[in-house]
Amino acid sequence: MPRRHLAFWLRLAFLLGLAAALEVLCRTGSIPRLTMIPPSEMAVRLAGGLRSGEYLADIGFTFANIGAAIAISIALGALLGLLIHALPRLRRLVDPMLASYYSVPTFVFYPLLIVLLGLTRWPLVAIGAMFGVVAMILNTINGLDRVPRALVKSGRVFRLSRWETVWRIKLPAAAPSLFTGVKLAVTYSVIGVIAGEFILSVAGLGRRIKLAYDNLDNPGMYALLLFVLTATVLVYFFVHGWERRVHRRWRP
Amino acid sequence: MRALVPPAISGRQAADVVLFVAALAALWQGAHELVGKEGLASPLATFARAGALLGSASFWPHAGATGLAFVYALAVALAGGLAIGLALGYFRLAGEVFEPVVGAVYSIPKITLYPIILLLFGLTLSAKVAFGALHGIFPMIIFTMGGVKNAKPVLLKAARAMRLSPAASIRHILIPAALPEIFTGFRIGFSLTLLGTLIGELFASDRGLGFLLIRSIEHNDAETILALTVLLFAASATVGWALLRLDRRLRRHAEAEPASL
């Protein structure tokens with residue numbers, strides 16, 4: 001059996017074993033029901049909730065916010081990356097800020113965003129985009145730094161305009177780095193939006209989990225947790241696999 | 001060892017920095033005029049409030065509480081992340097089995113796990129520490145594992161030729177070889193642990209800087225919200241920037257002398 005398959009089956013066995021161990025510990029009462037409910041009950045409760053449609057509005061709210069945050073992060077991040085890369089004077093100024101950006105707990109700005117944008121979906125979109133945009137900027141700049149000079153020179157030979165050079169040469173040549181930026185922007189936007197909902201929000205999955213916790217509704221809370229964790233892990237594997245394919249295809 | 005003195009800043013660069021700071025301050029003041037002082041405090045009022053906070057006796061116990069939880073959490077994340085990362089890097093199969101699991105857990109919004117931490121630990125210091133460590137441990141694991149896996153095979157061959165025990169080859173070969181990566185993991189883990197500790201205090205605590213922040217949100221105290229934001233931003237950006245400088249230096253050093261152990 002190839003090693004890769006062996007690793008896959010071992011991983012599956014480990015995860016199933018973990019779930020089974022939790023199930024047994026919860027059923028025998030070693031883990032009290034007040035702390036955790038058996039995984040099977042979480043799944044049953046989640047399936048019921050999904051069928052009855054009681055989570056639908058919150059799921060829609062959260063995913064729309066995440067989508068908007070991702071779109072803003074990617075578009076704005078690529079644009080700002082291009083701009084900063086084109087202006088070395090600006091770049092010298094903002095480089096230290098960009099480099100140490102993720103050492104600052106971004107959520108300290110969330111209260112401020114609520115004050116500025118009101119208790120609507122927009123502070124959530126903003127915090128998600130704030131979280132994701134800098135990863136996109138950093139990776140755009142990184143990718144543009146690595147565009148081979150020969151390509152830019154041949155663009156000049158063809159007398160491409162400034163925008164044509166960006167569109168036809170620089171961005172395609174920087175693609176692997178851009179996709180890494182997209183991957184991080186997606187992950188960070190998801191984290192930003194759900195965490196914001198958890199802190200303070202009018203709707204959404206994060207808020208729903210917090211409400212269930214505050215009301216001591218453990219089954220409801222664990223069902224939604226299971227949903228959020230499954231969804232984010234699926235998103236992770238999707239963008240991860242996608243990025244790996246892009247990197248393989250672009251390898252010179 | 002190179003001198004620690006930064007390169008001299010030219011006049012134009014200094015002027016650029018002044019211009020940039022002035023533009024940011026003007027933007028802030030403009031936003032303040034736009035939304036009013038209930039929404040966004042002015043730069044001057046914010047810095048005055050921040051100064052008052054730093055001078056008041058009631059501020060420092062809160063900063064101390066956050067600091068204590070943070071130091072414990074960082075110690076747990078560092079020790080645990082190093083041990084797990086080294087093990088997953090050293091035992092190749094284990095690394096292949098667990099790498100995607102670690103990556104996936106790293107990518108989930110860990111804030112949603114907070115209720116579980118609270119149900120396990122209650123409203124205690126341990127809950128804050130556990131939550132901080134939960135944020136910081138994954139980058140430590142991922143970078144340590146990556147560093148060990150990318151160590152040059154010739155180094156391990158040398159270890160085998162000298163008949164080093166696994167413990168000795170980890171101690172004397174793998175850790176030094178992976179040190180730049182381990183430090184990057186520590187740097188990222190440092191910021192995430194701080195983030196985790198602060199978020200922990202936002203929800204369930206009766207002291208700490210996160211608690212001060214959530215209390216001023218509840219009281220709609222725009223000046224204090226912004227002053228705390230600025231203080232936290234300044235402190236974490238300074239430490240983050242210093243760690244980044246150190247990180248880049250370590251990497252340059254490692255690239256310049258690939259064979260040095």
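Taken in order, these protein sequences are the chains called A and B.
So the first sequence is numbered by the numbering used here: it starts at 1 and just counts up by one.
So the second sequence is numbered by the numbering used here: it starts at 1 and just counts up by one.
Note that CB positions come from ideal geometry on N, CA and C, so glycine has one too.
No experiment lies behind these values; they were computed from the predicted model shown.
Sequence-distant residues of its chain with Cβ nearer than 8 Å to residue i (five each side left out)
i, result
"arginine 2 of chain B", "Note that arginine 2 of chain B has pLDDT 46, beneath the 50 cutoff, so the model's placement of it is unreliable and no number is given."
"alanine 25 of chain B", "Pro43"
"valine 147 of chain A", "Ile169, Lys170, Ala173 and Ala174"
Residue i to residue j span [Cα, whole Å]
i, j, result
"proline 258 of chain B", "glycine 77 of chain A", "Unreliable positioning characterises proline 258 of chain B in this predicted model, as indicated by a pLDDT of 47, which lies under 50. A coordinate reading is not provided."
"alanine 175 of chain A", "glycine 143 of chain A", "7 Å"
"leucine 83 of chain A", "valine 152 of chain A", "17 Å"
"alanine 254 of chain A", "leucine 205 of chain A", "Because chain A is modelled from 1 through 252, residue 254 of chain A falls outside the range shown and cannot be assessed."
"leucine 118 of chain B", "leucine 90 of chain A", "45 Å"
"methionine 97 of chain A", "methionine 221 of chain A", "38 Å"
"methionine 140 of chain B", "glutamate 41 of chain A", "34 Å"
"aspartate 145 of chain A", "valine 17 of chain B", "23 Å"
"isoleucine 199 of chain A", "valine 157 of chain A", "55 Å"
"alanine 47 of chain A", "alanine 223 of chain A", "8 Å"
"valine 125 of chain A", "glycine 210 of chain B", "22 Å"
"glycine 189 of chain B", "leucine 125 of chain B", "20 Å"
"tryptophan 241 of chain B", "arginine 251 of chain B", "15 Å"
"serine 260 of chain B", "lysine 149 of chain B", "Low confidence applies here, because serine 260 of chain B scores a pLDDT of 40, under 50, leaving its location unreliable; read the following figure in that light. Approximately 18 Å between the Cα atoms of the pair."
"valine 239 of chain B", "arginine 45 of chain A", "45 Å"
"arginine 248 of chain B", "threonine 180 of chain A", "21 Å"
"aspartate 214 of chain A", "leucine 212 of chain B", "21 Å"
"leucine 244 of chain B", "alanine 99 of chain A", "8 Å"
"proline 180 of chain B", "leucine 56 of chain A", "47 Å"
"arginine 12 of chain B", "phenylalanine 20 of chain B", "12 Å"
"serine 201 of chain A", "glycine 60 of chain A", "14 Å"
"isoleucine 137 of chain A", "leucine 87 of chain A", "14 Å"
"leucine 178 of chain A", "asparagine 139 of chain A", "6 Å"
"valine 228 of chain A", "lysine 110 of chain B", "10 Å"
"isoleucine 214 of chain B", "arginine 244 of chain A", "41 Å"
"valine 94 of chain A", "leucine 80 of chain A", "11 Å"
"alanine 13 of chain A", "alanine 19 of chain A", "10 Å"
"serine 161 of chain A", "alanine 52 of chain B", "55 Å"
"histidine 32 of chain B", "valine 115 of chain A", "11 Å"
"leucine 54 of chain B", "proline 111 of chain A", "21 Å"
"valine 35 of chain B", "tryptophan 28 of chain B", "11 Å"
"phenylalanine 233 of chain B", "isoleucine 225 of chain B", "12 Å"
Option nearest residue i by Cα separation, candidates the options
i, options, result
"alanine 69 of chain A", "A/Val246, A/Tyr213, A/Leu184 and A/Gly220", "A/Leu184"
"alanine 264 of chain B", "B/Thr66, B/Ala242 and B/Tyr90", "Because residue 264 of chain B is not part of the residues shown, which for chain B are 1 to 261, the question remains open."
"valine 104 of chain A", "A/Leu119, A/Met130, A/Leu117 and A/Gly81", "A/Met130"
"alanine 69 of chain B", "B/Asn150, B/Lys128 and B/Arg245", "B/Lys128"
"alanine 83 of chain B", "B/Leu212, B/Ala151, B/Ala161 and B/Phe138", "B/Phe138"
"proline 115 of chain B", "A/Ala231, A/Arg244, A/Met36 and A/Ala7", "A/Met36"
"valine 133 of chain A", "A/Ser161, A/Leu160 and A/Ala71", "A/Ala71"
"threonine 253 of chain A", "A/His247, A/Ser161 and A/Ile127", "Within the shown structure, residues of chain A are numbered from 1 to 252, placing residue 253 of chain A beyond reach of any answer."
"glycine 67 of chain A", "A/Arg244, A/Arg249 and A/Val235", "A/Val235"
"tyrosine 188 of chain A", "B/Leu54, B/Leu202, B/Ala104 and B/Thr46", "B/Ala104"
"arginine 92 of chain B", "A/Val190, A/Leu6, A/Leu50 and A/Thr230", "A/Leu6"
"valine 182 of chain A", "A/His247, A/Asp217 and A/Leu112", "A/His247"
"alanine 212 of chain A", "B/Thr112, B/Ile182 and B/Ala204", "B/Thr112"
"alanine 15 of chain B", "A/Glu197, A/Arg92 and A/Ile141", "A/Arg92"
"glycine 49 of chain A", "A/Ala203, A/Arg208, A/Leu160 and A/Ala195", "A/Arg208"
"leucine 228 of chain B", "B/Trp60, B/Leu34, B/Val76 and B/Ala22", "B/Trp60"
"isoleucine 199 of chain B", "B/Ala50, B/Ser58, B/Gly80 and B/Gly132", "B/Gly132"
"phenylalanine 107 of chain A", "B/Leu54, B/Ala254 and B/Gly196", "B/Gly196"
"alanine 203 of chain A", "A/Leu216, A/Asp58 and A/Pro38", "A/Asp58"
"alanine 79 of chain B", "B/Phe203, B/Ile217 and B/Phe183", "B/Phe183"
Cβ-based neighbour list, residue i, same chain, cut-off 7 Å, excluding 5 preceding and 5 following
i, result
"proline 2 of chain A", "none"
"valine 186 of chain A", "Ile70, Val235 and Val239"
"serine 73 of chain A", "Ala129, Gly132, Val133, Met136, Ala185 and Ser189"
"leucine 192 of chain B", "His135, Gly136 and Pro139"
"serine 10 of chain B", "none"
Own chain residues within Cβ distance below 6 Å of residue i, not counting five before or after
i, result
"leucine 88 of chain B", "Ala94, Gly95, Phe98 and Met145"
"asparagine 65 of chain A", "Arg121, Leu124, Val125 and Val193"
"leucine 155 of chain B", "Ile173 and Ala177"
"glycine 17 of chain A", "none"
"arginine 207 of chain B", "His62 and Ala65"
"glutamate 223 of chain B", "Ala41, Ala45 and Arg49"
Item to check | Residue ranges of each alpha helix (DSSP H) within the region 85-135 of chain B, 4 or longer | outcome: 92-107 and 114-121
Item to check | Segments of 4+ residues assigned as alpha helix (DSSP H) that fall wholly inside the region 85-111 of chain A | outcome: 88-99
Next on the checklist: Which runs of the alpha helix (DSSP H) at least 4 residues long sit entirely within the region 51-76 of chain A? Give them in chain order.
Outcome noted: none
Next on the checklist: Give the list of continuous alpha helix (DSSP H) stretches no shorter than 4 residues that lie fully inside the region 38-65 of chain B.
Outcome noted: 43-55
Item to check | Secondary structure, alpha helix (DSSP H): runs of 4+ residues fully inside the region 231-257 of chain B | outcome: none
Item to check | 4-residue-minimum alpha helix (DSSP H) runs that sit fully inside the region 211-251 of chain A, ordered along the chain | outcome: 218-250
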